[in-house]
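**Q** The sequence shown: position 121 = 138 (the working numbering), numbered continuously. All C-beta atoms in this analysis are idealised placements derived from N, C-alpha and C, irrespective of residue type, glycine included.
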Amino acid sequence: LEHYESAPDALADLSQLVPATEAAFADLAEMKGLRTTQHIMPGVRVPLDASLAQLLLNNLFSNAIRHNLPGGEIRVQLSATELLLANTGHAPTAPVGELFGRFKKGNAALDSIGIGLAIVKRISELYGHRISYDYAEGWHHLRVVFAPAAGSQKRT
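Here you go:
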């Protein structure tokens, strides 16, 4: 991703990609007894290459399953301005500021090398999206706030 050149006018249809990605991970979630709820706004297209959008979503869903509790929950909300993926789980053991670094792990998951959120952050940065994380009351919240599409900024 370090040398990737973003296509400035690429738009990814997240209203289609988010449910499709959730469906692709459904078997893994079911094996862990997880419940998933989605609130997907139709017609959400954001500045993002479709293949990178898929990579970003794969990492977010994989993390939500891997760092969840048996019988836990995953909540997905997509609006015109942001994607929020929340999951139940234990508090991270690493400082929150380090979670987006390469090879940093929020807990001791043996099946994780700690690069997923670094990839998500880099993809987001390529297109001017902002990503944030917080943990509150037993829930991890990963939020991607979308940059406006080219030409959609309000003129003053």
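Kindly indicate which residue of H146, I91, Y144, P109 has the alpha-carbon position closest to the one of H56.
**A** Of the listed residues, the one whose Cα sits closest to H56 is I91.
**Q** Give me the Cα-Cα distance between G50 and S79, rounded to the nearest whole angstrom.
**A** The alpha-carbon atoms of G50 and S79 are separated by roughly 15 Å.
**Q** Per DSSP, what are the beta-bridge partners of L95 in this structure?
**A** In the DSSP output, where bridge partners are listed per residue, L95 has I57, L100.
**Q** Please look up how many angstroms separate the CB atoms of T98 and G155, rounded, as I've assumed it's under 8 Å.
**A** Not really, about 26 Å apart at Cβ, beyond 8 Å.
**Q** Which word fits S96, buried or exposed, when buried means at least 16 other C-beta atoms lie within 10 angstroms of its C-beta?
**A** The residue in question, S96, is exposed, as its Cβ has fewer than 16 Cβ neighbours within 10 Å.
**Q** In terms of DSSP beta bridges, what is T28 paired with?
**A** Correcting the residue identity first, residue 28 is Leu in this sequence and not Thr. Paired residue(s): P64.
**Q** Does the beta-carbon distance from M48 to S32 come in below 8 Å?
**A** Their beta carbons are not under 8 Å apart, which means M48 does not touch S32 by this criterion.
**Q** Looking at the strands, I want to know which residues DSSP matches up with D44.
**A** In DSSP, D44 forms no bridge with anything.
**Q** Of the residues H158, A70, H157, which one's Cα is nearest the Cα of H146?
**A** Per the Cα distances, A70.
**Q** Assign P64 to one of two classes, buried (16 or more other C-beta atoms within 10 Å of its C-beta) or exposed (fewer than that).
**A** So P64 ends up on the buried side.
**Q** From this set, S68, V61, Y152, L28, which residue's C-alpha is nearest A81's C-alpha?
**A** Per the Cα distances, Y152.
**Q** Are the beta-carbon atoms belonging to V161 and L100 less than 8 Å from one another?
**A** A contact, by the Cβ cut-off of 8 Å.
**Q** Going straight from the alpha carbon of A108 to that of R83, what length do you get?
**A** Approximately 13 Å between the Cα atoms of the pair.
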